[in-house]
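Residue numbers for the sequence shown follow our numbering, so the first one is 119 and each next one is one higher.
Right, one structure below, let's go through it.
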Amino acid sequence: MRGRRATSTRTGVRSSACTRCCCGSAPSPVIELNHAAAVSMVDGPARALALVDSLVGRGGLKQYDLLPAVRADLLRRLDRRDEARAAYREASDATQLVPLRRLYARRLRELDAPS
Numbered sequence: 119m120r121g122r123r124a125t126s127t128r129t130g131v132r133s134s135a136c137t138r139c140c141c142g143s144a145p146s147p148v149i150e151l152n153h154a155a156a157v158s159m160v161d162g163p164a165r166a167l168a169l170v171d172s173l174v175g176r177g178g179l180k181q182y183d184l185l186p187a188v189r190a191d192l193l194r195r196l197d198r199r200d201e202a203r204a205a206y207r208e209a210s211d212a213t214q215l216v217p218l219r220r221l222y223a224r225r226l227r228e229l230d231a232p233s
């Protein structure tokens, strides 16, 4: 288990560094969102949520259906259940993909279950 954790952390650091490199050379809101996902694996969901909220504040990815799903997951991991529920509902409304709607419905049920 110890070796797996070290490998996971190294992979996350490489992913974060690679995404940062891409953000600098060809800025794109989708790349920034991917960077936030990498940051969440290395630095945790709070840091990643700050990056996502900054992206939202700049008007990035307004029509991108995965944005509310990313926010929902980060909020869930931070145990901000009410905000996570709202974000999962928004994510479900934003997608036409049945498998994603099922995933979001499952996450909502998990959030509604007693802790």
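Positions of the beta carbon are idealized from the N, C-alpha and C atoms, including for glycine.
| Query | Result |
| --- | --- |
| Closest to P145 by CA distance: which of G178, A168, A187 and T213 is it? | G178 |
| Would you grab the beta carbon distance between L167 and R199 for me? Rounded to a whole angstrom, and I think it's under 8 Å. | Contact flag wrong, Cβ pair sits at about 14 Å. |
| Can you tell me whether DSSP reads Q214 as helix, strand or coil? | coil |
| Please state if the CB of R203 and the CB of L226 are separated by a distance shorter than 9 Å. | yes |
| What residue does the alpha helix (DSSP H) around L184 start on, and which one ends it? | That residue, L184, is in no alpha helix (DSSP H); it is neither H nor E in DSSP. |
| If you follow the alpha helix (DSSP H) that R176 is in, where does it begin and where does it stop? | First-last for R176: undefined, no H or E at that position. |
| Excluding the five sequence neighbours on either side, which residues of its own chain have a C-beta within less than 7 Å of the C-beta of R120, listed in chain order? | Interpretation of R120 is limited by its pLDDT of 48, a score under 50 that renders its predicted location unreliable; the figure taken from the coordinates is listed afterwards. Excluding residues within five positions, none has a Cβ falling inside 7 Å. |
| Just verifying my parser: in three-state terms, what is the DSSP assignment at R225? | helix |
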